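In structure tokens, the structure reads:
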């Protein structure tokens, strides 16, 4: 299994509070991704990174920011959480070819 | 729109072959076809990918139509552990970003 972990695995927070989710990899892959999964929508890409300090938006990036200061860590921040951001968040990694993405175990976030 | 069309659900008996269809009638010449699956309460898992030729790996086979407008994922002998949601995804081959656009997928049930 690819070495990819997510923390925390579960979090409950209140509307308006900031939240940061962490993705950590031990594979030294250049590409890292954040997705969210909601019933009826499947997985949707939020942001991705193609190197340290190199990031770009995905299809549902509003309300989210990301940072990547080290190859192994990719952080997803909700500056002011809203109930619509209640979801399961998956991190994924891939090498430069991008043929295979390896997904983490997910973080279940509930915003009350 | 880079999405594909798959049946919502399929059933199979254990130890029988399963053919999961996918329609991608607007595919371009450089788009790859990827298949991922998601077991309950887990992140998606890479299964197989191809461009033009049929592909085989330890998990499955991928049969791509000659006109590339459709493809079929073949599980040669379904087991109970193959019960999952299977996603057929188009990915632009001209980019290394590896951005995947997930649809709703096919929920496969395997009966003992």
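Residue numbers (the numbering used here), protein chains in the order written: chain G, 79 to 190; chain H, 49 to 160. Ideal Cβ positions, reconstructed from N, Cα and C, are used throughout, including at glycine. Since we're looking at a predicted model, the values are computed, not measured.
Query raised in the report: Under the three-state reduction of DSSP, which class applies to residue 84 of chain G: helix, strand or coil?
Result: Annotated three-state conformation of residue 84 of chain G is strand, per DSSP.
Query raised in the report: How do the stretch 135-153 of chain G and the stretch 175-183 of chain G stand: do at least 3 beta-carbon pairs fall below 8 Å, yes or no?
Result: Output reads no: the stretch 175-183 of chain G does not touch the stretch 135-153 of chain G.
Requested in this report: Check whether the Cβ atoms of residue 190 of chain G and residue 90 of chain G sit closer than 8 Å, and answer yes or no.
Outcome: Taking 8 Å as the cut-off, the Cβ atoms of residue 190 of chain G and residue 90 of chain G count as close.
Report task. Spell out whether any CB of chain H is found under 8 Å from the CB atom of residue 183 of chain G. Result -> Yes, residue 183 of chain G lies at the interface with chain H (some Cβ there is under 8 Å from its Cβ).
Query raised in the report: Any idea which residues DSSP pairs residue 94 of chain H with across the strands?
Result: Residue 94 of chain H pairs with H/84.
Query - Cross-chain neighbours of residue 136 of chain G in chain H, by beta carbon under 8 Å - result: The contacting residues are 147.
**Report entry** Within 9 Å of chain G by C-beta, residues of the stretch 91-118 of chain H in sequence order
**Finding:** 91, 92, 93, 94, 97: these are the residues of the stretch 91-118 of chain H whose beta carbon lies less than 9 Å from some beta carbon of chain G, given in chain order.
Query - DSSP state of residue 148 of chain H mapped onto helix, strand, coil - result: Secondary structure at residue 148 of chain H: coil, using DSSP grouped into helix, strand and coil.
Query raised in the report: What are the start and end residues of the beta strand (DSSP E) that includes residue 127 of chain G?
Result: Run containing residue 127 of chain G: 120-129, per the beta strand (DSSP E) assignment.
Query - Same chain only: Cβ atoms within 7 Å of residue 84 of chain H, ignoring 5 sequence neighbours per side - result: For residue 84 of chain H, where only same-chain residues beyond five positions count, the Cβ hits under 7 Å are 92, 93, 94, 95, 135, 137.
Query - Residue interval of the beta strand (DSSP E) (run including residue 153 of chain H) - result: It is not in any beta strand (DSSP E) - residue 153 of chain H carries neither H nor E in the DSSP assignment.
Query raised in the report: Roughly how many angstroms lie between the CA atoms of residue 134 of chain G and residue 125 of chain G, to the nearest whole one?
Result: About 6 Å.
Report task. Using beta-carbon positions only, say whether residue 128 of chain G and residue 109 of chain G come within less than 8 Å of one another. Result -> Their beta carbons are under 8 Å apart, which means residue 128 of chain G touches residue 109 of chain G by this criterion.
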